[in-house]
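Data block below; observations after.
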Amino acid sequence: MCKYGVAVVIIAFLLYHSLYFEKLQKIKEQQRRGTFSAAEYARDFWDNHLFTVLDKAVDVKELIELFNTNMAEAVRRYGRTPGVSRVYAYLLQGEGKILTAGEEGLEVSVRQPQMNPDIFIATGPYIPGNAVRDASGLIDVSEFSDTMKFNEISGEINKIVVKEVIGPFLDKNPQMGMTVRFFGATQVAQDATEKHPFGHLVSDTGEVREIQLVRVVPITLELK
Amino acid sequence: MVKKLVTLLILALAMPLFICGCKQKKQAAADGQEAQGKGKIAVVISTLNNPWFVVLGNTAKERAEELGYEAVIFDSQNDTAKESDHFENIIAGGYAAILFNPTDADGSIANVRRAKAANIPTFCIDREINANDVAVTQILSDNYAGCVELGQYFVKKMNGKGQYVELLGILGDNNTWNRSKGFHSVVDNYPELKMVAEQTAEFDRTKAMEVLESILQAHPDIDAVFCGNDAMAMGAYQALVAAGKADRVMVFGFDGAKDVIDSIRDGKIVATGMQFPKKMARMAAEQADDYVNGKRDFPQKVPVAVELVTQENIAKYTAYGRQSEE
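Here the protein sequences line up with chains A and B, keeping their order.
The first sequence begins at 123 in my numbering and counts up by one.
The second sequence begins at 117 in my numbering and counts up by one.
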């Protein structure tokens, strides 16, 4: 009887160590990734390449003016897209007065009179989308054997923004009335101004019309 | 004499028909030469058991024909073995180009490689292959970015909290994961949004209905279902109707298929991501024509943006595209 018990234990031991279960998704993921590391790629992009193109960032006031008056020209001069899209990414820079500072970001006025907001600078705990990757114009989707890698890079860039740009900035305790200077990226659809213009517009009677804000993902943020 | 007259009459009546017949034959021969002159284009589609892919295939075929080619559609039925057989026949058949919607991002590479070795250029549409040195170009929906936008709308509609189910597409297709990851890159930042089940329904309407019916047994109190395509969204909606929950569970799809666009208009489905199958298919056919005419400089991957379609902006959209582009 004891012999059978030992045999069962040995067989169970051998079976346990000869079979190995792993999720199919995990296996496919590992095969797909190969040696590629989106985090390393994003790190190199941030440290060695992105800041070399910030001199191409357009002034935020000029960009808002173009969005509202000649979107096609804004696209032609400053817009970038990795493929076929009605949404274009832009590198932009400028400074303005903080009007509100909330959990998700800052409402900032960049045009006189600095009473109503023009832009929203994202300072929330996560940043979605591809604004920084696409606005830089430095990463070509055709370099990648699968587009998931291209997309993972965006996720990693956004993590750097949260950790290394937004975190230290919030530590300085930005307040209403302070002046903020920034470089950043935004994505705007070609037909975005169909309903409402960007930024505050004050009519002759002093009435402020309905508007939308340019949403900026920051690349640098500093208080003046 | 009467016989002669009757014979002459018959000949007189038959002559115009004969001449006409000859003309038609000559025209047909000329048309044949024209088609033969530009060659044949193969349109290989992953499955025709989904209206979205039928539109993709038919549009590619129609555009190729408009450009002067004879075009033939091959249905791979989501089976890489069938797809491989199609490629063998296409290579043997001396086609000028292949407009290709692959069944598997990895499994389809070998087929494209064989076509390339036989000097037949391949143009991928919608679905990607995990190689950037075998197809001439790959025109792909930007699924990840589309689902980032869809995810943001999902969070807004759910007010950042609730229980939901995700129905995945075919596990070997990159589109499945690009969509899922784009969605989760947003939604996972909201800890009060709980995904209670994530299962594949392989982009299939019937399977989606069965899978969700089963999930509802274990999780009757879900608030939303995110589906990796519109066929699954319709299947999920059917399951919810059968369970009497269609009014309080929100369904989100992805594709821009006719039945989902109609359902968004009717307030049954909440939102979808509009891909542009007609635009992508036309682009692929036109690029194949450019290639045949000598052009060689193509970007390897061309992401085509996906647009969020909701009950608020449905007026701008029609099935498979924008109103303004129809």
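All residues carry an ideal CB built from backbone N, CA and C; glycine is no exception.
The Cβ-Cβ distance between Asn-217 of chain B and Ala-347 of chain B does not fall below 9 Å. Listed in chain order, the positions of the segment 316-341 of chain B with a beta carbon within less than 9 Å of a beta carbon of chain A would be empty, since no residue qualifies. Rounded to whole angstroms, Ala-253 of chain A and Arg-337 of chain A show a C-alpha spacing of 10 Å. From the beta-carbon of Phe-266 of chain A, the residues of chain B found nearer than 8 Å are Asn-248 and Lys-417. Nearest Cα to Asn-235 of chain B within the set B:Ala-208, B:Gly-360 and B:Asn-248: B:Ala-208. Closest option to Arg-321 of chain B, judged by alpha-carbon separation, among B:Gly-344, B:His-300 and B:Pro-307: B:Gly-344. Rounded to whole angstroms, the gap between the alpha carbons of Asp-339 of chain B and Thr-315 of chain A is 34 Å. DSSP places Thr-253 of chain B in the strand class (E or B) of the three-state scheme. Considering only B:Ala-261, B:Ala-231, B:Asp-242 and B:Ala-221, the residue with the shortest C-alpha distance to Glu-423 of chain B is B:Ala-261. If you compare the alpha carbons of B:Val-365, B:Glu-182 and B:Glu-402 with that of Val-386 of chain B, the shortest gap goes to B:Val-365. Of all residues in the segment 182-210 of chain A, only Pro-204, Gly-205, Val-206, Ser-207, Arg-208 and Val-209 come within less than 7 Å of chain B when Cβ atoms are compared, listed by chain position.
For Ser-207 of chain A against Asn-246 of chain B, the beta-carbon gap comes to about 23 Å, at or over 8 Å, which does not count as contact.
Each residue's CA atom was taken as its position, placing Ala-352 of chain B and Gly-277 of chain A some 30 Å apart.
At a Cβ-Cβ threshold of 9 Å, Val-341 of chain B and Gly-298 of chain B do not count as neighbours.
Neighbours of Val-281 of chain B in chain A, taken as residues whose beta carbon is under 7 Å from its own, are absent, since the nearest beta carbon is some 17 Å off.
Runs of the alpha helix (DSSP H) lying entirely within the segment 151-225 of chain B, each at least 4 residues long, are 167-182 and 196-208 in chain order.
Each of A:Met-300, A:Val-131, A:Trp-168 and A:Val-128 was checked against the Cα of Ile-275 of chain A, and the nearest Cα belongs to A:Trp-168. For Met-274 of chain B, no Cβ of chain A is located within less than 9 Å of the residue's own Cβ.
The segment 370-383 of chain B and the segment 424-438 of chain B touch, with three or more beta-carbon pairs separated by less than 8 Å.
Our two residues, Val-376 of chain B and Asn-259 of chain B, have alpha carbons roughly 18 Å apart in a direct line. Secondary structure of Pro-419 of chain B (DSSP, three-state): strand. Within its own chain, the residues whose Cβ lies closer than 7 Å to the Cβ of Asn-227 of chain B, once the five positions on either side in sequence are excluded, are Glu-199, Ser-200 and Phe-203, listed in chain order. Closest in alpha carbon position to Pro-319 of chain A, among A:Phe-305, A:Leu-335, A:Arg-202 and A:Val-128, is A:Leu-335. Beyond the five residues adjoining it in sequence on each side, Gly-223 of chain B comes within less than 6 Å, by CB distance, of Thr-196 in the same chain, given in chain order.
Shown in chain order are the members of the segment 233-251 of chain A whose Cβ falls below 8 Å from a Cβ of chain B: Pro-247, Tyr-248, Pro-250 and Gly-251. Scanning its chain for C-beta atoms nearer than 7 Å, with the 5 sequence neighbours on each side dropped, one finds no residue around Arg-165 of chain A.
The residues Leu-188, in chain order, have a CB closer than 8 Å to that of Glu-195 of chain A in the same chain once the five nearest residues on each side in sequence are set aside. Fewer than three Cβ pairs drawn from the segment 324-335 of chain B and the segment 299-308 of chain B lie within less than 8 Å of each other, which leaves the two stretches out of contact. If you check each beta-carbon in the segment 260-288 of chain A against every beta-carbon of chain B, the ones closer than 9 Å belong to Asp-262, Val-263, Ser-264, Glu-265, Phe-266, Ser-267, Asp-268, Thr-269, Met-270, Phe-272, Asn-273, Glu-274, Ser-276, Gly-277 and Asn-280. Glu-314 of chain B: member of the beta strand (DSSP E) spanning 309-316, first to last residue. Think of a sphere of 9 Å around the beta carbon of Lys-297 of chain B: the chain A residues whose beta carbon falls inside it are Met-270, Asn-273, Glu-274 and Gly-277, in chain order. Residues of chain A whose Cβ lies closer than 8 Å to the Cβ of Glu-244 of chain B are, in chain order, Asp-268 and Thr-269.
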